[in-house]
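Novice: Dropping the structure in here first, questions after.
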Amino acid sequence: MNQPGNPLQKTETWSFRDRWIGFIHGLQDRICAALEDLDGQVLFRTDEWEREHGGGGKTRVLSDGRIFEKGGVNTSVVWGKVTDTMRAQLKIEGKNWFACGLSLVIHPLNPYVPTTHANWRYFELYDDAGHVSDRWFGGGADLTPFYLFREDARHFHRSFKDAMDAFDPAAYPKYKQWCDEYFVNVHRSNEMRGIGGVFYDHLRPADAADADRLFAFQQANGNAFLPAYLPIVEKRAVMPYGEREVEWQEVRRGRYVEFNLIHDRGTLFGLKTNGRTESILMSLPPRARWEYDYRPEEGSPESVLLDACQHPKDWIK
Numbered sequence: 011m012n013q014p015g016n017p018l019q020k021t022e023t024w025s026f027r028d029r030w031i032g033f034i035h036g037l038q039d040r041i042c043a044a045l046e047d048l049d050g051q052v053l054f055r056t057d058e059w060e061r062e063h064g065g066g067g068k069t070r071v072l073s074d075g076r077i078f079e080k081g082g083v084n085t086s087v088v089w090g091k092v093t094d095t096m097r098a099q100l101k102i103e104g105k106n107w108f109a110c111g112l113s114l115v116i117h118p119l120n121p122y123v124p125t126t127h128a129n130w131r132y133f134e135l136y137d138d139a140g141h142v143s144d145r146w147f148g149g150g151a152d153l154t155p156f157y158l159f160r161e162d163a164r165h166f167h168r169s170f171k172d173a174m175d176a177f178d179p180a181a182y183p184k185y186k187q188w189c190d191e192y193f194v195n196v197h198r199s200n201e202m203r204g205i206g207g208v209f210y211d212h213l214r215p216a217d218a219a220d221a222d223r224l225f226a227f228q229q230a231n232g233n234a235f236l237p238a239y240l241p242i243v244e245k246r247a248v249m250p251y252g253e254r255e256v257e258w259q260e261v262r263r264g265r266y267v268e269f270n271l272i273h274d275r276g277t278l279f280g281l282k283t284n285g286r287t288e289s290i291l292m293s294l295p296p297r298a299r300w301e302y303d304y305r306p307e308e309g310s311p312e313s314v315l316l317d318a319c320q321h322p323k324d325w326i327k
């Protein structure tokens, strides 16, 4: 991050940011290595890029694997001036900003393997004198299956509940509900894009000790991702499937596209801050389908999944 013209070199949180950047890059390496090992057929392609207005990132993508049809695990360390567009549309105030995070989306080939998304980020705002005027953490992980297996849902949710309980037993219920209410296609009668997980934003530290606690909280959640997701992939990737399952997968992927392009704040933030379009839209699936007034047959496995998306459930029970 020590680049010429970087306005943040002398801010009081320099070392804290540096530790966060190190964690994010290490997490990216570990997740990519684990996914490559499981797929056994393809490797991630790495694109390192620089942002014209400050900073850059590392985009890692794979495609056409044995298990993973498309996936991306991206990191970025970016900064710049707060623009009028950001003030109006993102409700951000200040002179300069900094953001660093990891964002991933994995689209498996087999419709019985769920898609997953996760993100962990840290953001700072600075006043005219260059001092930190606001800062916060955000993130979470969620699961988007095409066919519902309750034991998979329980395992995924339990993994993040266990990670959070060590910090605050009230965190998981609160952030589970936040996730249920955020990843929703409002224009489709508040239909969730999947079965949720956890989501939180604007976790502001009260002081230096609280900042370290929130840092550790983020680490625990980031480290929980692989144990939460990989066992599900291993279990479901061997299940046989046919055209019916692929068609339903593509219909549900269409819902995924709708949410990301219409509602997702991360996508909007990237586009409004002149982010790298290829990295931002990496989250979209390689194939999707839109059928007019599509309704699964009543009582079918597809209708069971749809009901779970329409009515949030307690997966831990």
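Taken in order, the sequence shown gives residues 11 to 327; the numbers are from my numbering.
Just so it is clear, CB atoms sit at the ideal spot from N, CA and C, and this is done for glycine as well.
Only a predicted model underlies this, so the values are computations on that prediction, with no experimental measurement involved.
#1: Could you tell me the alpha carbon to alpha carbon distance between Pro-237 and Phe-26, rounded to whole angstroms?
#2: What span of residues does the alpha helix (DSSP H) with Ile-31 cover, start to end?
#3: If you run the structure through DSSP and keep just helix, strand and coil, what is His-212?
#4: Report the partner residues of Asp-144 according to the DSSP bridge assignment.
#5: Can you give, in chain order, each stretch of the beta strand (DSSP E) that sits fully within the segment 142 to 190 and has at least 3 residues?
#6: Examine the Cβ distances between the segment 280 to 298 and the segment 251 to 267 and report whether three or more of them are shorter than 8 Å.
#7: Using the rule of at least 16 other Cβ atoms within 10 Å of the residue's Cβ for burial, across every protein chain shown, is Glu-253 buried or exposed?
#8: Report all residues from its chain with a CB closer than 6 Å to the CB of Ile-242; omit the five preceding and five following residues, and keep chain order.
#9: Which first and last residues belong to the beta strand (DSSP E) in which Leu-114 is found?
#10: What would DSSP say about Met-292, mapped onto helix, strand or coil?
#11: What span of residues does the alpha helix (DSSP H) with Leu-316 cover, start to end?
#12: Look at the alpha carbon of His-35 and the alpha carbon of Asn-231, and state the distance between them as a whole number of angstroms.
#13: Please return the same chain residues whose Cβ sits closer than 6 Å to the Cβ of His-127, not counting the five positions on each side in sequence.
Specialist: On the basis of the supplied data:
#1: Start at 1 with the first residue of the sequence shown, and residue 237 comes out as number 227. Start at 1 with the first residue of the sequence shown, and residue 26 comes out as number 16. Cα to Cα, Pro-237 sits roughly 27 Å from Phe-26.
#2: If you number the sequence shown from 1, residue 31 lands on position 21. Its alpha helix (DSSP H) spans residues 24 to 49.
#3: Looking up residue 212 in the sequence shown gives position 202. When secondary structure is reduced to three states using DSSP, His-212 falls in the strand class.
#4: Locating residue 144 in the sequence shown gives position 134, counting from the first residue. Asp-144 pairs with Leu-135.
#5: Those beta strand (DSSP E) runs which fall completely within the segment 142 to 190 and span 3+ residues are 142 to 154.
#6: Verdict: yes, contact present.
#7: Walking along the sequence shown from the start, residue 253 turns up at place 243. Under the 10 Å beta carbon count, Glu-253 is surrounded by fewer than 16 other beta carbons and is classified as exposed.
#8: Counting from 1 along the sequence shown, the entry for residue 242 is found at position 232. Closer than 6 Å at Cβ, skipping near neighbours: Asp-162.
#9: Stepping through the sequence shown from its first residue, residue 114 is reached at position 104. Leu-114 -> beta strand (DSSP E) spans 106 to 118.
#10: In the sequence shown, residue 292 corresponds to position 282, counting from 1. In the three-state reduction of the DSSP assignment, Met-292 falls in the helix class.
#11: Position 306 of the sequence shown, counted from the start, is the residue given in the question as residue 316. Leu-316 -> alpha helix (DSSP H) spans 311 to 320.
#12: One-based indexing of the sequence shown puts residue 35 at position 25. One-based indexing of the sequence shown puts residue 231 at position 221. Their backbone Cα atoms lie some 15 Å apart in a straight line.
#13: Reading the sequence shown from its first residue, position 117 is the one you call residue 127. Here the set comprises Val-115 and Asp-152.
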